[in-house]
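Protein chains in written order, with this note's numbering: chain A, 1 to 180; chain B, 1001 to 1099.
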């Protein structure tokens, strides 16, 4: 599954749905919803990839994940231009993700609860750092706080599948109405 | 059945990601659209962070994650670098969760 559906959150959702023996259509529809946010990410990275041939762009889309998007955005915001950064990071992520999936199948039961070590917070902390470094105007900070709170509120209300896409799509409209 | 669901999900995942890449727009974007796209990356990454801070594991946080978030923001703003922030964040959240 990890080889074909390279999308962490959807894979966890699929495993839960499979264990409840949900209908195939429900599984596919859930995955579609969870991954809608990647359409936003692709839209935002699009201008950086305009120079690539169609095949290159289609490959870049396959390895597009939250993590690759965040790292690439940080790179471009710091003034980086090279696409190699994205490609190398995204491919490494794909390989490591699948090696780790295999490791989890073999060793899973022996590890216990990873939350005890705070490791689950590493990616959250990385994303927070990327946001801090990417803020250039006061409106960026306002948008970031609004997006985080709206997404967090939606997740609390039980709407975690649409939390990121809704908050991510709404918050930037603040920028349209504020002066720089 | 599970294999049909996996292949279907793979297609859904891939189509969503690739459509914005495959489409090419000619000419300049209107001012409002380019402002929106400019603010989009920060908003998406912040929206990814929100649930993990406010509602880790699906329930309201006990305070460990928001406290650690403040420390991460302070550390990254001070050092202008990611790694110190990540180290501080992981240590802080592991420590705060003990209480």
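Think of the CB as a built atom: it goes at the ideal place given N, C-alpha and C, for glycine as much as any other residue.
Straight-line gap, residue i to residue j (C-alpha atoms, nearest Å)
i: residue 1063 of chain B; j: residue 142 of chain A; result: 22 Å
i: residue 160 of chain A; j: residue 1056 of chain B; result: 11 Å
i: residue 129 of chain A; j: residue 40 of chain A; result: 21 Å
i: residue 138 of chain A; j: residue 75 of chain A; result: 20 Å
i: residue 152 of chain A; j: residue 1042 of chain B; result: 15 Å
i: residue 93 of chain A; j: residue 86 of chain A; result: 10 Å
i: residue 1080 of chain B; j: residue 134 of chain A; result: 10 Å
i: residue 1058 of chain B; j: residue 97 of chain A; result: 23 Å
i: residue 28 of chain A; j: residue 1017 of chain B; result: 15 Å
i: residue 1038 of chain B; j: residue 1048 of chain B; result: 17 Å
i: residue 140 of chain A; j: residue 1044 of chain B; result: 12 Å
i: residue 176 of chain A; j: residue 170 of chain A; result: 11 Å
i: residue 1068 of chain B; j: residue 166 of chain A; result: 25 Å
i: residue 65 of chain A; j: residue 38 of chain A; result: 7 Å
i: residue 1012 of chain B; j: residue 163 of chain A; result: 19 Å
i: residue 1052 of chain B; j: residue 1088 of chain B; result: 17 Å
i: residue 145 of chain A; j: residue 25 of chain A; result: 35 Å
i: residue 183 of chain A; j: residue 57 of chain A; result: The displayed coordinates of chain A run from 1 to 180. Any statement about residue 183 of chain A would go beyond what the structure contains.
i: residue 1002 of chain B; j: residue 1074 of chain B; result: 46 Å
i: residue 1015 of chain B; j: residue 1082 of chain B; result: 32 Å
i: residue 103 of chain A; j: residue 174 of chain A; result: 44 Å
i: residue 122 of chain A; j: residue 1050 of chain B; result: 14 Å
Residue-chain proximity (residue i, chain A), Cβ-Cβ < 7 Å
i: residue 1074 of chain B; result: no
i: residue 1051 of chain B; result: yes
i: residue 1066 of chain B; result: no
i: residue 1009 of chain B; result: yes
i: residue 1089 of chain B; result: yes
i: residue 1020 of chain B; result: yes
i: residue 1071 of chain B; result: no
Residue of the options minimising C-alpha distance to residue i
i: residue 63 of chain A; options: A:35, A:74 and A:169; result: A:35
i: residue 68 of chain A; options: A:53, A:135, A:42 and A:100; result: A:42
i: residue 78 of chain A; options: A:136, A:44, A:46 and A:55; result: A:136
i: residue 1034 of chain B; options: A:28, A:45 and A:32; result: A:45
i: residue 1046 of chain B; options: A:173, A:127 and A:158; result: A:127
i: residue 89 of chain A; options: A:140, A:150 and A:60; result: A:60
i: residue 48 of chain A; options: B:1020, B:1053 and B:1066; result: B:1020
i: residue 131 of chain A; options: A:71, A:102, A:173 and A:103; result: A:71
i: residue 149 of chain A; options: B:1066, B:1073 and B:1036; result: B:1066
i: residue 1071 of chain B; options: B:1006, B:1084 and B:1061; result: B:1084
Test: residue i CB closer than 7 Å to a CB of chain B
i: residue 127 of chain A; result: yes
i: residue 131 of chain A; result: yes
i: residue 82 of chain A; result: no
i: residue 44 of chain A; result: yes
i: residue 172 of chain A; result: yes
i: residue 103 of chain A; result: no
i: residue 98 of chain A; result: no
i: residue 38 of chain A; result: yes
i: residue 91 of chain A; result: no
i: residue 41 of chain A; result: yes
Under the three-state DSSP convention, the category residue i falls into
i: residue 49 of chain A; result: helix
i: residue 1066 of chain B; result: helix
i: residue 1056 of chain B; result: helix
i: residue 1030 of chain B; result: coil
i: residue 92 of chain A; result: helix
i: residue 63 of chain A; result: coil
i: residue 82 of chain A; result: coil
i: residue 1098 of chain B; result: coil
i: residue 72 of chain A; result: helix
i: residue 158 of chain A; result: coil
i: residue 118 of chain A; result: coil
i: residue 137 of chain A; result: coil
i: residue 171 of chain A; result: coil
i: residue 1035 of chain B; result: helix
i: residue 178 of chain A; result: coil
i: residue 1018 of chain B; result: helix
i: residue 1080 of chain B; result: coil
i: residue 1061 of chain B; result: coil
i: residue 35 of chain A; result: coil
Local Cβ density within 10 Å of residue i, reported as buried at 16 or more and exposed below that
i: residue 1031 of chain B; result: exposed
i: residue 118 of chain A; result: buried
i: residue 155 of chain A; result: buried
i: residue 82 of chain A; result: exposed
i: residue 84 of chain A; result: exposed
i: residue 1009 of chain B; result: buried
i: residue 105 of chain A; result: exposed
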